[in-house]
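Let me begin by presenting the structure, written as C-alpha cells, before commenting on it.
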Amino acid sequence: MDNNRSKQPESATLLRAERWLALDCRTPGDFLCNVSDAAVHEIARRTGPLPLATPVAMLAFLVASPQLLPYWAPVGVLFLLLLGSALTRMRIGRRMIDATGSRALELAHDYRASVDLAGFSWGALVGVLLLVHGIDRLTELALVATLGLIAGAFTSLTLERSLWLRFSAALWLPLLVVSAYMAWRDGDAGWLLLIVESLLAGFATLQGLRMVREYIGGLVTQARLEDAVSKIADQRSELSAHRARLDELVARTHQLSYYDQLTGIGSRHHFHERLHNSIVRHRDDRQRFAVLYLDLDGFKDINDTFGHEAGDTLLKAVARRVGALLRSSDFAARLGSDEIALLVHDVDDDNDIAQIAQRCRAAIQTPVRLGARSVSPRVSIGVALYPDDGDNALGLLKAAESAMNAAKHTTKSHFARYAPEMSRAAEQRLTIEQELRQALDRGQFELYYQPQFDIVGGGCCGVEALVRWNHPERGLIPPLEFIPIAEKAGLIDALGEWVLTTACRQAVAWFDAGVPEMSVAVNISPIQLLDPELPSTVNAILAATGLRPALLELEITESAIQTHPDARATLAQLHDLGVSIALDDFGTGYSTLASLRELPTDRVKIDRSFVADILSNEQDSALLGTIIEMVHVLGSSVVAEGVEQRAQAERLRRLGCDCAQGYHFSRPVTAAEIIPIACARAAGTPQVEIRLQPAFASKDESVA
C-alpha cells in the first residue's frame, strides 16, 4: 500500500503532463521550461542563504549573552567555524545544481563534512556554556541546544536524509561529553544534568525528525516532478523527431505526387488539379485557355536503340525546352512515358495556338546529343480549347489526346486542333483494339495470297501472304485498318507468329497436293524485328511445319532497318537460317543504295509508286532501269509491285525486271484459288484476267 501511495504522485504528475501535452501540443516548450525553472529555483533557494541561519542564530545569542565576553576567544573561534561552514555549504550548494557524476559525489562528501563541522561548533558552544554556568542556567542551555538543532534542521536538509542526523550527532557529542564529565565531577547534580541533556536531545531529535520527514517529502515530490519533467522532455524530443520525419515524409509525398521525378515538371495528378482550378476560375467569364497534348514520335525506338538512359536524357531535354517557352501562368506536366501536356492561358484564337505549337515543335526538334550520336526528336501535338472543346478536365484532356492521335496518323504537320469526329475515331480505334484481342482466339483472321509471276518465262514464281480480318459484323477488314493498332497495342507479335505459321503450313499443303514448289513471302513488322527471339521462333515454325527454309521469304521495309539499327543483327541471323530476305517498298523516302550493299537481301521489291509512272515519265522509267541493273549487279532479283496494265508489265520486262505482282496478273485470292493459278502458269497456260471483287477494289495492298 505504501509503495502504491508513493507512486501515485509521480503517476498523477505524468498523467497531468501527458494530458496537458495532448490538449495543446503547440506550446509544450513553455510548460517544460516553467517546470524546470521552478525546480532549479527551489533547489537554489534551499541551498542558498539558508545555511547562514546557524551563524546568525549563534550571533544573536552571543549578543544577548554579555556574560560570555570573558570567554570571547573560544566562543569567537566556534562562531568563525560555524560561519565558515555556512559559507562553504552555500558555495557547494550552488555547484551541486549543475554537477553530475563523480563531481556531484565529491561535492556531496564536502557538504556532509561541512554539516558535521557546523553541528560540532554549535554543540561545543553549548558545552562551553555548560562548563561556565553549570546547571544553574539549565533552561537557557536547553534553549540554545534546541535552537541549534532547529537552525541545523533548516540549513542541512537535502535529498539525503542522514545529513540532519549527522548534524544532531555532531551537536550532541560535545554536550554529552561535557555532561558526563560534570556528572563525574559534581556527583548527583551532574548525573541529573546528563539525564536532562539526554531527554532534551531525544526531544530535539524527534522534533527534527518530524521536520526532516516533512521536508524530505517535499524534496521527494520535487524529485519525482523533475523525473516526470525529464520523461516528458524525452517524449517531447521523440515527438519532435517523429514530427520532423512526418514533415519530411509529407514533403516527399507532395514532391512525388505533384512533380515528375525524372524531368522535374508537373505530374499527371498536378496537371489535373491545375486544369480543374483553371476551369473553376474561368467558369463565369468563359475566358479561353488551351490544353496541348505532346507525344514524342519514335520514342520507343530510341529506347530500344540507344537504351533507357538515352531515352531519359531525351525526355529531360524536351521538358527543359518546353518549360523555357512557358510563361509563369502556364504549366507543363508529364502524363506518361513520352507524353507531355501543356496548360496555356490567355489564348485569343486558333492562330495563337498554331504559333505556340510551332514554337514547341521547333524547340523540341532541335537535335539532342545522345552519347556519340545526335538525334532530332519528332513530336505530334494535339490541342483542345476551353470552353469550345470541353467544360471539364477529363473531357478537355481526352479531346487534346484525340487531336494528338489524329495529328500523328493523318497530318503531315503533326499538329491538329480537336474536332468532334476525332473522338469518334479514337473510340473506333479503342473498339478495334478490344476486338483484336479476341479475334485471334476466335479464329477471325485468314490469309489471302497474291501470286508473283516471272514476267520473262511466264510461270508463277511465288505468292505473298496477306492477312485479312474476317469481322463478324463488318466483314473482311484490310490490314491498313488494324495492323497499326495491333502494333501499338502490343498484339503484333502474336498475330505475326500466327501469319507465319499459317503461311508455312499452307505452303507444305500445296506442295503435298502437287503444286510446284515456289516461295512464300511473309511480311515482318518492324516491331517483330526488335524481338531477339524472332530467329528462334522462325526456326521452330519451319521445323514444326516441315517447310524448307529456302522456300520462305521474309519481307522487311528499309525504314525498319534505318529506324532500328539493332535489327541488322536479327536480320543476319534470319538469313543464316537459309530463308530469303526481301527488301520491301524500295523507292520510297528511306531508300539508299548503301542498304542494297550492306543488308543480306536476296530480293528487292520495287514500290508501286515507281511502277505507276513508268509509261508516262521517261525519267522514272530510266531510273527504274538503272535500279534494276544495280540490284542485279549486287546479286539480288527484282519484283515489281502494283502492276495493273499489260503495258507496264511489258515495259518492266524490257527493263530487265525478274518478277511482278499486281492486279494485272491476279488479285489476292484464297489458298484454294492459288492451286489452279500456280498449276496453270507452271504448265504454260495463258493467264486469264481476273476481275476485282468489291472487297479488294483498293489499289493499296498492305501487308501484315
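Counting with our numbering, you get residues -6 to 697 for the letters of the sequence shown.
Heads up, the beta-carbon is just placed ideally off N, CA and C, and yes, glycines get one too.
Query, Result
"Measure how close the beta-carbons of VAL662 and VAL631 come, nearest whole angstrom, since I'm counting them as under 8 Å.", "In fact, because the Cβ distance is near 24 Å, the residues do not count as touching under 8 Å."
"Can you tell me the Cβ-Cβ gap for GLN358 and PRO370, rounded? I've got them flagged as a contact below 8 Å.", "6 Å"
"Closest to LEU592 by C-alpha separation, out of GLU548, ALA605, ILE621, ASP606, would be which residue?", "GLU548"
"Where in the region 338 to 425 do unbroken runs of the beta strand (DSSP E), each at least 3 residues long, occur, reported from the N-terminal end onward?", "361 to 363, 366 to 368, 371 to 379, 408 to 410"
"Determine which residues share a DSSP beta bridge with SER512 and list them.", "GLY455"
"Output the residue ranges of the alpha helix (DSSP H) runs that lie fully inside the region 545 to 576 and measure 4 residues or longer, sorted by chain position.", "551 to 556, 560 to 569"
"Give the DSSP-derived three-state secondary structure of ILE470 in the structure shown.", "strand"
"Could you give the DSSP three-state label for VAL449: helix, strand or coil?", "coil"
"In chain order, what residues of the same chain have a beta carbon less than 6 Å from the beta carbon of GLY300, not counting five sequence neighbours either side?", "none"
"Checking the sheet assignment: what are the DSSP bridge partners for CYS652?", "ASP447, VAL632"
"Go through its chain and collect everything with a Cβ distance to ASP447's Cβ below 6 Å, but skip five positions before and after it.", "CYS454, CYS652"
"Have a look at VAL284, THR594, GLU551, SER552 and flag the residue whose alpha-carbon is nearest the alpha-carbon of VAL572.", "THR594"
"Have a look at LEU62, ALA386, LEU328, ILE668 and flag the residue whose alpha-carbon is nearest the alpha-carbon of ARG274.", "ALA386"
"Which residue from GLN445, PHE658, SER406, SER395 puts its Cα closest to that of LEU423?", "SER395"
"On the criterion of 16 or more Cβ atoms from any shown chain inside 10 Å, does THR619 qualify as buried, or is it exposed?", "exposed"
"By the three-class DSSP mapping on this structure, what secondary structure does ALA506 have?", "coil"
"With a CB to CB cut of under 7 Å and the five nearest residues on each side skipped, what residues in its chain are close to LEU71?", "SER114, ALA117, LEU118"
"Candidates GLN612, LEU522, PHE579, ASP606: which alpha carbon is nearest HIS568's?", "LEU522"
"Rounding to the nearest angstrom, what Cα-Cα distance links GLN612 and VAL604 in this structure?", "12 Å"
"Exposed or buried, which one is HIS407 when buried takes at least 16 other CB atoms within 10 Å?", "buried"
"Does the region 221 to 230 come within contact of the region 274 to 292, defined as at least 3 CB pairs closer than 8 Å?", "no"
"Excluding the 5 residues flanking LYS401 on each side, which residues of the same chain have their C-beta closer than 6 Å to its C-beta?", "SER373"
"Let's test the definition: count the other Cβ atoms within 10 Å of the Cβ of ALA79 and tell me whether it reaches 16, buried, or not, exposed.", "buried"
"Hey, how far is the Cα of LEU440 from the Cα of ARG281?", "51 Å"
"Do we get a CB-CB distance below 8 Å when we pair LYS598 with the residues of chain B?", "Among the chains in the structure shown there is no chain B, since it carries only a single protein chain."
"Among LEU433, GLY483, GLY539, which residue has its Cα nearest to the Cα of TRP491?", "LEU433"
"Per DSSP, which one or two residues make a beta bridge with PHE579?", "ILE599"
"From GLN638, ALA664, ARG644, pick the residue whose C-alpha is nearest to that of GLY655; which is it?", "GLN638"
"What residues in its chain sit with their C-beta under 6 Å from that of ARG461, if we drop five residues either side in the sequence?", "GLU439, TYR441, LEU469"
"Taking its Cβ as the centre, do 16 or more other Cβ atoms sit within 10 Å of SER107, making it buried, or is it exposed?", "buried"
"In whole angstroms, what separates the C-alpha of ASP341 from that of ARG261?", "26 Å"
"Whole angstroms is fine: what's the gap from LEU545's alpha carbon to LEU484's?", "23 Å"
"Name, in chain order, the residues that DSSP records as bridge partners for ILE333.", "LEU287, ARG327"
"Should the region 306 to 313 be regarded as contacting the region 255 to 269, the criterion being three or more beta carbon pairs within less than 8 Å?", "yes"
"What is the C-beta distance between VAL531 and LEU570, in whole angstroms, given that I count them as a contact (C-beta under 8 Å)?", "6 Å"
"Helix, strand or coil for GLU611, going by three-state DSSP, please let me know.", "helix"
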